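Some notes on the structure that comes next.
Numbering (the working numbering), first residue to last: 56 to 314.
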């Protein structure tokens, strides 16, 4: 029943949002994911919505049946040093469900969440995240709280393939110029917390797998260089599962293509 509901949501979303369809098509083209159909992105996104809404915090056994994590030792090693950990990821797969699974294992998770146009929707999503053990903060207001979380040796998770404000560093992502966040790099250097690439995706069996990769090596070079190296790491994730990249904004104006 839930997958039928997901298919219905996907079809309506796909049908009613032609501008978003175009954005998805352009972004997949930038990723050079030629075999990936636009509708597949909508279908997987609808699955994340259904799972987000249907998970019951009073019955975590369903969460543990649905999810698994590869590379959890990278987080544990980072936390042994006492400076917390900064996980960075793309908007790929059911990241909020994967975060809930990580929190269910006893890790304290903090993140930044864009506010919806409706305050009611913002409160609803925030309440569900908080119930799972994920503390979320609006952009621009959470910097101090994120820093405090790292000083308490906890985890923050940031999605770095989308702008959260009009600010951003001019970076190259998939061969094109775009303004994207660099706050994860600055926080890492201020606190000593390592930068750890991660992603999550639906497997072929429609379970959820979170992947925690090896931490970045910071040579204390320019912020821009390390920020672009972080983008290269998430690009690898995206190329493996392009149908689950939920990039609904048009990231790159065509005139900014890097020749």
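The beta-carbon is built from N, C-alpha and C at its ideal position, and this holds for glycine as well.
Note that this is a predicted model, so its numbers are computed, not measured.
Is residue 217 helix, strand or coil when you go by DSSP? coil
Quick one, which of 141, 232, 246, 301 has its alpha-carbon nearest residue 257's? 301
DSSP has residue 335 in a bridge; who is on the other side? Given a span of 56 to 314 for the chain in the structure shown, any question on residue 335 remains unanswerable.
Own chain, CB closer than 8 angstroms to residue 226, minus 5 neighbours either side, in chain order: Cβ neighbours of residue 226 beyond the five flanking positions: 232, 233, 234, 235, 237, 279, 282, 283, 286.
Limits of the unbroken alpha helix (DSSP H) element including residue 205: Boundaries of the alpha helix (DSSP H) harbouring residue 205: 198–206, taken from the DSSP string.
Nonlocal neighbours in the same chain, by C-beta distance under 7 angstroms from residue 97, ignoring five residues either side: 65, 68, 69
Contact between the stretch 107–125 and the stretch 149–164: three or more CB pairs below 8 angstroms? yes
Please report the distance separating the alpha-carbon of residue 173 from that of residue 179. Linking residue 173 to residue 179 through their CA atoms gives a straight-line distance of about 10 angstroms.
On the three-state DSSP scale, how would you describe residue 121? Correct three-state label for residue 121: helix.
Backbone CA spacing between residue 275 and residue 242 [nearest angstrom]: 13 angstroms
Simplified DSSP state of residue 93, which is helix, strand or coil: helix
Tell me the residue span of the alpha helix (DSSP H) that contains residue 134. 127–135
Using only CA atoms, which one of 79, 240, 181 lies nearest to residue 272? 240
Can you tell which of 73, 177, 130 has its C-alpha closest to the C-alpha of residue 210? Of 73, 177, 130, the residue nearest in Cα terms is 130.
Taking the straight line between their C-alpha atoms, what separation do you get for residue 262 and residue 124? 11 angstroms
From which residue to which residue does the beta strand (DSSP E) around residue 242 run? Not the beta strand (DSSP E): residue 242 falls in the alpha helix (DSSP H), residues 238–246.
Going by other Cβ atoms of all chains shown within 10 Å of its Cβ, with 16 needed for buried, is residue 207 buried or exposed? exposed
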